[in-house]
Amino acid sequence: MNMKGASVAIRYNPLFRALALTALPLVCATAPQVLAQASETPAQSVEQMLVVGQAASLDKALREQRRADSIKSVVSADAVAQLPDENVAEAVQRLPGVSVERDQGEGRFVSVRGLGPDLNSVQINGTVIPSPNSDTRAVALDVVPSELVETLSVVKAVTPDMDANSLGGSVEVESLSAFDRDGRFYSVTAEASYDDNVEETSPKFSGAYSDIFSIGGGTDNLGVALAFSWQERDFGSDNVETGGGWDFDNGPRLEESEMRDYAITRDRTGLGVNLDYRFSDNSSVYLRSLYSEFTDKEIRNAAGMEFADAQLAGERGDAEGWRELKDREETQKITSVVLGGEWIRGDWTLNAQTGYSRSSEDTPGHIAGAVFEGDNDFVDAGFNNSRKPVLTADSSFYDPNAFLLEEVEWAEQKTTDTEHNVRFDLARAYQWQAAEGEVKFGGKFSRREKENDTNIWKFEDLDAYGITDDQRLLGNFSGGPVDYSLGQFGPGIHSTGIKRLIGGLNAGDFYDEEESRIEDFDMQEDITAGYVMNTLAWERLQLIVGVRYEGTEFSTDGTGVRDGNYESISVESDYDHWLPGAHLRYELGDNTQVRAAWTNTVVRPSFEQLAPGFVIDGDEASFGNPQLEALESANYDLGIEHFLGRAGVLSAFVFYKSIDNFVYQADIAGTGIWSTFDEAETFANGDSADLYGLELAWSQQLTSLPAPWNGLLLGANVTLSRSDASVGDGGDERDIDLPYQSDRVANAMVGWENDTFSIRLSANYKSSYLQEVAAVDDPQHDLFVDDQTFVDLTARWYLTPQLQLSFEAQNITDEAYYVYTGSSRFNAQYEEYGPTFKLGVTLMSM
643 MNMKGASVAI RYNPLFRALA LTALPLVCAT APQVLAQASE TPAQSVEQML VVGQAASLDK
703 ALREQRRADS IKSVVSADAV AQLPDENVAE AVQRLPGVSV ERDQGEGRFV SVRGLGPDLN
763 SVQINGTVIP SPNSDTRAVA LDVVPSELVE TLSVVKAVTP DMDANSLGGS VEVESLSAFD
823 RDGRFYSVTA EASYDDNVEE TSPKFSGAYS DIFSIGGGTD NLGVALAFSW QERDFGSDNV
883 ETGGGWDFDN GPRLEESEMR DYAITRDRTG LGVNLDYRFS DNSSVYLRSL YSEFTDKEIR
943 NAAGMEFADA QLAGERGDAE GWRELKDREE TQKITSVVLG GEWIRGDWTL NAQTGYSRSS
1003 EDTPGHIAGA VFEGDNDFVD AGFNNSRKPV LTADSSFYDP NAFLLEEVEW AEQKTTDTEH
1063 NVRFDLARAY QWQAAEGEVK FGGKFSRREK ENDTNIWKFE DLDAYGITDD QRLLGNFSGG
1123 PVDYSLGQFG PGIHSTGIKR LIGGLNAGDF YDEEESRIED FDMQEDITAG YVMNTLAWER
1183 LQLIVGVRYE GTEFSTDGTG VRDGNYESIS VESDYDHWLP GAHLRYELGD NTQVRAAWTN
1243 TVVRPSFEQL APGFVIDGDE ASFGNPQLEA LESANYDLGI EHFLGRAGVL SAFVFYKSID
1303 NFVYQADIAG TGIWSTFDEA ETFANGDSAD LYGLELAWSQ QLTSLPAPWN GLLLGANVTL
1363 SRSDASVGDG GDERDIDLPY QSDRVANAMV GWENDTFSIR LSANYKSSYL QEVAAVDDPQ
1423 HDLFVDDQTF VDLTARWYLT PQLQLSFEAQ NITDEAYYVY TGSSRFNAQY EEYGPTFKLG
1483 VTLMSM
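Count the sequence shown with the numbering used here and you get residues 643 to 1488, in order.
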């Protein structure tokens, strides 16, 4: 093998990609000493240095981070798919200050510096990705397979030429380009994963191909890159939840609880096709495309009780009982196409781009809830543990013929979110005394439409339609006992017989017009942006100053119902923001640099918060709030980075955010026009909030130690933050933490490698956070998500230079998801997932 071939093989080998990713997240927007040395080395020498072991992908990412005008952390393609992570969201959580919100144990939404996912933005290839979910702006990154990603970064302090729609950070996803590799490249991976909870094995296949061609008389001027990924995963979880149904005035006593068993199948398909064409060294065009399809099949069996009198743990009494089935399949799709180019003429550089993205969520007709109620009260009913209140009762509670079908809710939903944008950036380089300068200005025009269409049918009072009690017995629909690890569950429910039963009825007689119409909406959001920015760079100092303007036009249409009468509602609002910013980077020495930033950002409320629909029934009301103001934040960042040599860094960043108009869920009954209401659930703007914190990161490869210890790699990062906010109005106020804000986020890692083997143990920790705010005068019913620590293991072997075997273990310690009410003693939701084990083999080009 010649040296060039060996370099390419090592540089793109997944073994070294895997080793790089765990070290990379520990560096927090830093650049080690090796990069300072590389900048003084001829290009060919740099390439040879970068292909040695873990340094290949680590240094690639760090070069981008060091050159970046903004404060950001980067994961390269050589690393992003190689930790024991199911998707892009889980890979991002390895970065300092980043955590994920999980659904059924899988990471989905990204949280940066403790701020909730709706306060961060996601872009793919420079265009905003709309959310397929009906209620949120946050993009569930689990729909983006990691094999399609070339570079993944989290920008924590945006520059004026970037979209300003983030308070915590902006997640930037760049898909692969053929020019990112040297010549032809391919890889194919096959995996099998075993879920311990459901004892099922699931397949996954993925691959990538890229090559560079010479066409039209040019040389190496066309790049073609393809990537695909397909996975089917069978898994499940065991759950018990009270929903916060505690009576603290006379107890604590539990009012009701429900056990739930989930059986889930998730299919993921991803495809990327990217083209690059270079007319010359000074002009090029590109096409970036991404298609992702995510199908989630969920069968949920539930068994619950409502006690006749709220009970203490260990007490026994009478209770009403029920069993319920939910059986649905939903498909989320994301399509993104970006066409752009760059043209350089002397000191001028023009970049132009147009992007189209469409996200959708389609949930065809399904059983949203088939409820079987006990035909008599159950005796000797109770629970024994306030954290995991698994229910017990007399033997009749486990008899399927003790329950009758009372209601079947049938539902269908379609949500679409479409965004078009056009942007341009024009820059001119100039010399000013001893400084290299660049003045840059540009604009972006974004047009977005979000639509939701929901239809609901409620099949109830079935006896009036000739369906007898004998026909409604759960025993006719029973699927045998449920495999439930938290306690005795009893009979499960099959959907086939239920569908057959309601299929013989006239669906029009059961259409729920009220719930169907109030869920529907159409929202338009147009953003026009422009900016001017100036950069000056001296030998050790770089200074960026600029200002961005964003004007927003918002409108929404929907339907409300007031005491049985329907009302159409249309709301329009326009607002403007001027957002100045400044960035400074100063090299104190060859191994130390300081970064500082002052930025201003703006985040629009989520679609659930802006929804126009409302329900007013007597003295109770629930409604969205299309009049909410956008969240505004002034952000301050200051950090120092000291490089310890090869793959080593010690860094510290402090940050402060002053946030106006944060949004929270509120019960505003008793105030204003709702003064005579007992309940008025909506969303409201808080006055102001402060968030401040500290990020610390350290990593080091112990190459100075004698063999075999010179293969040891250690690292850790931690983000400590606090927030102060207040909710309420007038004299009825109280202080809270910002919703979804964790005080502590941390990663730790220990790894070891030699030429043919690597192993790494990593841990990710996130402290508890406020999930939902109860009434202002009822802090005991605030809901909090408990702290979580996930421990993962990965090991890789080289069988040949082209063939790799991998083993991964996720959630080794079987960490659960726990939501509590007021105090960690009192359950709102507890859920277990179990560990997952993966075995894979990868074949790739030399």
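For glycine and all other residues, C-beta sits at the position ideal for the given N, C-alpha and C.
Quick caveat: nothing in here was measured; it's all calculated off a predicted structure.
Checklist line | C-alpha distance - N1469 paired with E1156, whole-angstrom precision | finding: Whole-angstrom Cα-Cα distance: 32 Å.
Note to self: Taking the beta carbon of W888 as the centre, do at least 16 other beta carbons fall within 10 Å, making it buried, or is it exposed?
What the structure shows: That one is buried.
Notebook entry, point to check: Between the beta-carbon of A1035 and the beta-carbon of D1022, is there less than 7 Å?
Noted result: Yes, Cβ-Cβ distance for A1035 and D1022 is below 7 Å.
Next item on the list: Would you kindly check if the distance between the Cβ of T1431 and the Cβ of Y1459 is under 7 Å?
Entry: No, the Cβ-Cβ distance between Y1459 and T1431 is not below 7 Å.
Next item on the list: Identify every residue that forms a DSSP beta bridge with T973.
Entry: In DSSP, T973 forms a bridge with T937, D1004.
Next item on the list: Spell out a yes or no on whether the region 1147-1167 and the region 1245-1256 are touching, meaning 3 or more CB-CB pairs, one atom from each, closer than 8 Å.
Entry: The region 1147-1167 makes contact with the region 1245-1256, as at least three CB pairs between them are under 8 Å.
Notebook entry, point to check: Taking one C-beta from the region 839-859 and one from the region 806-813 each time, how about it: are there three or more such pairs within less than 8 Å?
Noted result: Per the Cβ contact rule, the region 839-859 is not in contact with the region 806-813 (fewer than 3 Cβ pairs under 8 Å).
Margin query: Please report the distance separating the alpha-carbon of F936 from that of R910.
Written below: Taking the straight line joining both Cα atoms gives about 5 Å.
Item checked: Complete alpha helix (DSSP H) runs within the region 1126-1184 (minimum length 4 residues, chain order) -> Fully enclosed alpha helix (DSSP H) runs of 4 or longer: 1138-1145, 1155-1161.
Notebook entry, point to check: Which residues bound the beta strand (DSSP E) around E1375?
Noted result: For E1375, the enclosing beta strand (DSSP E) stretches over residues 1374-1378.
Next item on the list: For my contact list, E1192 and V1244 are in at a C-beta cut-off of 8 Å; report their separation, rounded to the angstrom.
Entry: Your pair E1192 and V1244 checks out as a contact, with CB atoms roughly 6 Å apart and the cut at 8 Å.
Margin query: So, at 6 Å on beta carbons, what are the nonlocal neighbours of A1224 in its own chain, with the 5 sequence-adjacent residues on each side left out?
Written below: V1187, W1240, listed in sequence order.
Checklist line | Sequence-distant residues of its chain with Cβ nearer than 7 Å to S926 (five each side left out) | finding: Taken in chain order, the residues that qualify are D918, Y919, R920, G983, E984.
Next item on the list: Using DSSP bridges, identify the partner residues of K846.
Entry: According to DSSP, which records beta bridges pairwise, K846 is partnered with E833, Q873.
Item checked: Residue(s) in a DSSP beta bridge with M1391 -> DSSP output for M1391 lists G1357, S1404 as bridge partner(s).
Next item on the list: Drop a sphere of 10 angstroms on the beta-carbon of W1351, count the other beta-carbons inside from all chains shown, and report buried for 16 or more, exposed for fewer.
Entry: The residue in question, W1351, is exposed, as its Cβ has fewer than 16 Cβ neighbours within 10 Å.
Next item on the list: May I ask which residues mark the beginning and end of the alpha helix (DSSP H) holding D1112?
Entry: Segment 1111-1114, the alpha helix (DSSP H) holding D1112.
Check: Who are the Cβ neighbours of E689 in its own chain at under 6 Å, not counting the five residues just before and after it?
Finding: Confidence in E689 is poor, its pLDDT being 29 and thus under 50, which makes the residue's placement unreliable; the coordinate value appears in the next sentence. Its chain contains no residue whose beta carbon lies nearer than 6 Å to that of E689 once the 5 sequence neighbours on both sides are disregarded.
Item checked: Those residues which DSSP pairs with P1123 across a bridge -> DSSP lists P1133 as partners of P1123.
Notebook entry, point to check: What number of angstroms, rounded off, separates the C-alpha of P1042 from the C-alpha of E833?
Noted result: One C-alpha to the other measures close to 40 Å.
Check: Alpha carbon to alpha carbon, what distance is there between E1395 and L1441?
Finding: Rounded to whole angstroms, L1441 to E1395 spans 15 Å at the Cα level.
Notebook entry, point to check: How would you call F1039, buried or exposed, if buried means at least 16 neighbouring beta carbons within 10 angstroms?
Noted result: Counting Cβ neighbours within 10 Å, F1039 comes out buried, since at least 16 surround it.
Next item on the list: To the nearest angstrom, report how far apart I1098 and Y836 are at their CA atoms.
Entry: One C-alpha to the other measures close to 37 Å.
Next item on the list: May I ask you to verify whether the region 1104-1117 touches the region 1053-1060, counting CB pairs closer than 8 Å and requiring at least 3?
Entry: Counting C-beta pairs closer than 8 Å gives fewer than three between the region 1104-1117 and the region 1053-1060, which falls short of the contact rule.
Check: Touching or not, the region 1374-1386 and the region 775-783, by the rule of three or more beta carbon pairs under 8 Å?
Finding: No, the region 1374-1386 does not touch the region 775-783.
Check: Helix or strand or just coil, what does DSSP make of D1041?
Finding: Coil, per DSSP.
Notebook entry, point to check: Is T1478 buried or exposed, if buried means 16 or more other CB atoms sit within 10 Å of its CB?
Noted result: Here T1478 is buried, its C-beta having at least 16 other C-beta atoms within 10 Å.
Next item on the list: Give a yes or no on whether the minimum CB-CB distance between D1019 and chain C is below 7 Å.
Entry: Of the protein chains in the structure, only one exists, and it is not chain C.
Next item on the list: Would you mind working out which of F1196, A1339, Y1298 sits nearest A1272, comparing C-alpha positions?
Entry: Here the closest residue by C-alpha is F1196.
Next item on the list: Compare the C-alpha of G1281 against each of S1275, G1287, V1291, K1056 and name the closest.
Entry: It is V1291 whose Cα lies nearest to the Cα of G1281.
Item checked: Own chain residues within Cβ distance below 7 Å of V915, not counting five before or after -> These residues qualify, in order along the chain: L868, S931.
Notebook entry, point to check: Secondary structure at G912, three-state DSSP: helix, strand or coil?
Noted result: DSSP, reduced to helix, strand and coil, places G912 within a strand of the structure shown.
Note to self: Would L1485 and L1447 qualify as a contact pair, given that the criterion is a beta-carbon distance under 7 Å?
What the structure shows: L1485 is not a Cβ neighbour of L1447, given a cutoff of 7 Å.
Margin query: I need the DSSP call for N1469, collapsed to helix, strand or coil.
Written below: N1469 falls in the strand class under three-state DSSP.
Next item on the list: Could you tell me the distance, in whole angstroms, from the CA atom of R1190 to the CA atom of D1302?
Entry: Rounded to the nearest whole angstrom, the CA to CA distance from R1190 to D1302 is 18 Å.
Next item on the list: Pull up the DSSP beta-bridge partners for W990, would you.
Entry: According to DSSP, which records beta bridges pairwise, W990 is partnered with R987, R1070.
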